[in-house]
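Basically the numbering used here = 1-based index in the sequence shown + 1162.
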Amino acid sequence: MKHPKYFVSCDWGTSNFRIRLIAFDSLEVIKEHKTDQGVKKLYQEFLSSGNEDREGFFSEYLLSQLIYITDVNQPLYIIACGMVTSTMGLKEMEYAPMPINDDVNTLNVERLQLRNDIELILISGVKTTNDVMRGEEVQAIGLTKYLDKNAHLLLPGTHSKHLVYKEGRYVDFTTYMTGEMFDLISNQTIIKDFLKSAKMESLQEDAFIDGVKDGSNGKFLGSLFPLRAKWVSKSPLEQKQLIDKQKDQEMFTANYYYLSGLLIGTELTHLKDTTIPVVMAASGILFNLYQLALKTLEVKNFRCLDGTVLEHSMIQGQQSILQKYLENELLFNG
């Protein structure tokens, strides 16, 4: 089967909806459209609507948004991943078990005919005996060209994923709730008033490095309370002097990055002595922090991929899966 000139990439998460018209061969993004109609919000609208056809409700929304990126009066393949296949999404699908690669036979892939010439291809998430993910597996498939035969792939985030790549397949993964723990500790504990977000300078970098070292040495729980204690243990006069010199804010910013380093160092501990190549893909501040943490821990063989590569990985993964899907369709349908 000759592959289409274009396809539609759909990334439907909990809070946001995004579709992109992609040139199949070059993977150029021709047009993009985003809304805040993530599956959680749309699912609530579905419940309030009295409509009993969830699949139809979500499909109609998807179809209504296509006009912003392409002519809908033509054959189209839409390939969707993320929370779209969750209990709140368009259609709940079972997680595919590990191991996986870009072969559709290792994934749960389902085809829905939205209109005569518009096909929606849904990709489920994947699971191990005690872990799950939806969406990151497609990014991981898109990043395989950057991996050696055996590798660790790190995808930092609210729920960081560490995937084990072996002999051309992802065979296992672990989720680290690093980002969520940072949010909880910095907003809902007694140390929240002693943390301040700011741009990382040399002083904050030193604090981050100290945090990484302490976290990697198993000092996580014992290192939290001192972030508060080192301030409240000072006399009122000492506190006033620091405030007058704005040193209190300097201290709280250092605490902020120390906490970040403490959590990331704890997450990366298992990689300190690995002889297997490590590839980390992240964007923005996470790229800088994880790169510095890997250097601090002296991980022997690591490579960092920036946000541009990470952003492209979703499209690359979807195209790889779509191509295999079309090849299988040709094989079975002649």
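In this text, a Cβ means the ideal position worked out from N, Cα and C, and glycines have one as well. Everything numeric in this text was worked out from a predicted model, so none of it was measured.
Inter-residue Cα distance where the pair is residue i and residue j
i     : j     : result
W1393 : D1376 : 20 Å
E1412 : L1421 : 14 Å
G1373 : S1397 : 26 Å
G1304 : L1383 : 37 Å
L1493 : N1270 : Reliability fails at L1493, whose pLDDT of 44 lies under 50, so the model's placement of it is uncertain and the value that follows must be treated cautiously. If you take the alpha carbons of L1493 and N1270, they lie about 18 Å apart.
R1465 : D1435 : 16 Å
E1272 : I1283 : 6 Å
V1288 : Q1401 : 52 Å
T1290 : V1326 : 12 Å
S1210 : L1225 : 20 Å
T1268 : F1449 : 30 Å
F1186 : S1171 : 10 Å
E1254 : G1479 : 21 Å
Q1453 : P1237 : 43 Å
G1330 : K1311 : 6 Å
L1425 : M1343 : 8 Å
L1204 : D1345 : 26 Å
N1178 : G1297 : 13 Å
V1246 : T1458 : 38 Å
H1195 : Q1350 : 35 Å
D1293 : H1321 : 12 Å
V1461 : D1279 : 50 Å
R1277 : G1244 : 22 Å
L1316 : L1357 : 27 Å
T1176 : G1341 : 16 Å
Q1206 : M1476 : 27 Å
T1437 : K1328 : 14 Å
A1242 : K1167 : 18 Å
F1370 : M1295 : 29 Å
Neighbour-count burial assignment, residue i, 16 or more Cβ in a 10 Å radius
i     : result
N1263 : buried
N1417 : buried
G1496 : Here G1496 scores only 44 on pLDDT, less than 50, and its place in the model is too uncertain to base an answer on.
V1499 : Shown here, the chain extends from 1163 to 1496; a query on residue 1499 therefore has no answer.
F1169 : buried
F1208 : buried
F1387 : exposed
P1439 : buried
G1251 : buried
I1240 : buried
Y1429 : In the sequence as displayed, the identity of residue 1429 is Glu instead of Tyr. E1429 comes out buried.
Q1227 : buried
D1173 : buried
Q1366 : buried
P1318 : buried
H1324 : buried
S1221 : buried
T1415 : buried
L1399 : exposed
T1249 : exposed
A1391 : exposed
I1285 : buried
A1258 : buried
Span of the beta strand (DSSP E) around residue i
i     : result
N1312 : N1312 to L1317
S1348 : Segment T1340 to Q1350 is the alpha helix (DSSP H) holding S1348; no beta strand (DSSP E) there.
Y1418 : No beta strand (DSSP E) contains Y1418, which is instead part of the alpha helix (DSSP H) from K1409 to L1430.
F1356 : Taken as a continuous stretch (DSSP letters only), F1356 belongs to no beta strand (DSSP E), as it is neither H nor E.
E1207 : Taken as a continuous stretch (DSSP letters only), E1207 belongs to no beta strand (DSSP E), being part of the alpha helix (DSSP H) at V1201 to S1211.
According to DSSP, residues forming a beta bridge with residue i
i     : result
Q1275 : E1281
S1226 : Answer is none; S1226 lacks a bridge partner.
H1324 : L1316 and T1336
G1377 : According to DSSP, which records beta bridges pairwise, G1377 is partnered with nothing at all.
I1262 : Y1332
Y1153 : Nothing about residue 1153 can be reported from this structure: the residues present for the chain run from 1163 to 1496 only.
G1244 : W1174
F1464 : V1440
M1255 : M1255 pairs with nothing; no bridge assigned.
L1238 : I1280
R1180 : D1173 and K1196
V1471 : The partner list for V1471 (beta bridge, DSSP) is empty, contrary to what the question assumes.
M1295 : V1288
N-terminal and C-terminal residue of the alpha helix (DSSP H) that residue i is part of
i     : result
D1406 : P1398 to D1406
R1390 : P1388 to V1394
K1193 : K1193 -> not in any alpha helix (DSSP H); beta strand (DSSP E) instead, spanning V1191 to T1197.
L1456 : G1446 to T1458
G1304 : E1298 to G1304
The ligand ATP heavy atom lying under 7 Å from the CB of residue i
i     : result
D1468 : This structure does not include the ligand ATP; it has no bound ligands of any sort.
Short CB-CB distance (under 8 Å) between residue i and chain D
i     : result
R1390 : Here chain D cannot be found, since the structure has a single protein chain.
Three or more C-beta pairs closer than 8 Å, one from the stretch 1173 to 1193 and one from the stretch 1229 to 1241: is that the case here?
Note that the stretch 1173 to 1193 touches the stretch 1229 to 1241; at least 3 beta-carbon pairs, one per stretch, sit closer than 8 Å.
Does the stretch 1209 to 1218 come into contact with the stretch 1329 to 1337, if we say contact requires no fewer than three beta-carbon pairs (one atom in each stretch) closer than 8 Å?
No, because fewer than three Cβ pairs between the stretch 1209 to 1218 and the stretch 1329 to 1337 fall closer than 8 Å, the two stretches do not touch.
Flag this pair as touching only if the stretch 1440 to 1449 and the stretch 1470 to 1478 have three or more C-beta atom pairs under 8 Å; answer yes or no.
They touch, by the three-pair rule.
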